[in-house]
Amino acid sequence: MLNLFTRRALQVIKGIPEGKVMTYGGVAALAGKPGGARQVSRLLHAMSEKYDLPWHRVINARGKISLKPSHGYELQKALLESEGIGFTRDDTIKLSIYLWDGVFREIIEEK
DNA sequence: CCACTGACTACTT
DNA sequence: CAAGTAGCCAGTG
Numbered sequence: 548m549l550n551l552f553t554r555r556a557l558q559v560i561k562g563i564p565e566g567k568v569m570t571y572g573g574v575a576a577l578a579g580k581p582g583g584a585r586q587v588s589r590l591l592h593a594m595s596e597k598y599d600l601p602w603h604r605v606i607n608a609r610g611k612i613s614l615k616p617s618h619g620y621e622l623q624k625a626l627l628e629s630e631g632i633g634f635t636r637d638d639t640i641k642l643s644i645y646l647w648d649g650v651f652r653e654i655i656e657e658k
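Those letters in the first sequence? Residues 548 to 658, by the working numbering.
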C-alpha cells in the first residue's frame, strides 16, 4: 500500500485541470509535505503510467520542463501546447498565468 | 531489509 | 549567470 503523502500527491496531480500546471514543490506542499518535491518527481517517473496521471502538467519551479530533449521534453511541450498553454521565447511557461493553485486561487479570482 | 534513485529546490559560491 | 550543495524520502528491486 502506498503511504499517505503519496496517495495525496497522486490526487493532487489528477486534480490539475487542463490548461493548468503545477510545480513539483507545489504538489508536494498540497499533499502535506513542503520540500518533498523530489518525491513527486520520483512518483511521476515511476508511477505515471500505472496510475494514469496527467504527468505533463507538472513542471519545475522556474516554469520550465524538466525532462531532457529526446527524453520526453518535446512530447511534454506538445501536450501542454495542445491544452492551450503558451511558452515564452525561451520555452518557459508563465506561472503567473497557468499555475494551478487549487480551489483557493479559483475562489480568489472569481471575486 | 537495504541501497539506490530521482522529471526538485533554495541557497551559496 | 553557472556550478555546487545540502535537504528531501518513499517506491522499487
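The beta carbon of each residue, even a glycine, is placed where N, CA and C say it ideally should be.
Give the secondary structure of L646 by DSSP, where H, G and I count as helix, E and B as strand, and everything else as coil. strand
Can you check whether the CB of K615 is closer than 8 Å to the CB of T639? no
Buried or exposed, going by whether 16 or more other CB atoms sit within 10 Å of the CB of G583? buried
Local conformation of I563 per DSSP, three classes: coil
I'd like the list of long-range same chain contacts for A578, defined as Cβ closer than 7 Å, with 5 residues on each side in sequence excluded. F552, R555, A556 and V559
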